[in-house]
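In what follows, a structure is listed as structure tokens, so that the remarks can point back to it.
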Amino acid sequence: MSSTSDAATPPERPKRGRPKTIFTPIYPELQQPTGEQVKELRLRMGWTLDFTATVVGLTDAQAVSDIERSSDRRGTPRKLSPWRWTLMLLAAGEHPTLMLVPRGTASS
Numbered sequence: 001m002s003s004t005s006d007a008a009t010p011p012e013r014p015k016r017g018r019p020k021t022i023f024t025p026i027y028p029e030l031q032q033p034t035g036e037q038v039k040e041l042r043l044r045m046g047w048t049l050d051f052t053a054t055v056v057g058l059t060d061a062q063a064v065s066d067i068e069r070s071s072d073r074r075g076t077p078r079k080l081s082p083w084r085w086t087l088m089l090l091a092a093g094e095h096p097t098l099m100l101v102p103r104g105t106a107s108s
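Position 107, counted from 1, in the sequence shown is what UniProt numbering calls 107; the numbers after and before it change by one each time, with no gaps.
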């Protein structure tokens, strides 16, 4: 037996905590939208800044305005996250692969 055998190395300890599960999302990951895309969709749907903020879960109309202008009072550009963009597209009925349907309706 050589001095560098497998018996000389201690066995690997199991990791603590919950095992990491890797999953593939059932929908395509959308790119982060530009402020122009957000504004264009909002205007096309006839939504106000307040209503858009409510749909995507932002605090107020100023937050949506900052996203559309890609600016913020603090100087850092404000962007709409991909999951909020997905939510906005779903609410507008413009998502490329998914659509909202009422519960209890049969899928065809």
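The beta carbon of each residue, even a glycine, is placed where N, CA and C say it ideally should be.
Annotation for D60: A53 place their beta carbon closer than 7 Å to its own, counting only its chain and skipping 5 residues before and after. For Q31, the three-state secondary structure derived from DSSP is coil.
The three-state secondary structure of V64, taken from DSSP, is helix. F23 carries a coil assignment under DSSP once its states are collapsed to helix, strand and coil. Ranking V64, P11 and W83 by CA distance to the CA of L43 puts V64 first.
Excluding sequence positions up to five before and after V38, its CB lies within less than 7 Å of the CB of I67, E68 and L80, all in the same chain and listed in chain order. Annotated three-state conformation of K79 is coil, per DSSP. Here the C-alpha atom of T34 lies approximately 8 Å from the C-alpha atom of S70. Between H95 and T86 a beta carbon distance of about 7 Å is seen, short of the 8 Å cut, so the two are scored as contacting.
Boundaries of the alpha helix (DSSP H) harbouring A53: L49 to V56, taken from the DSSP string.
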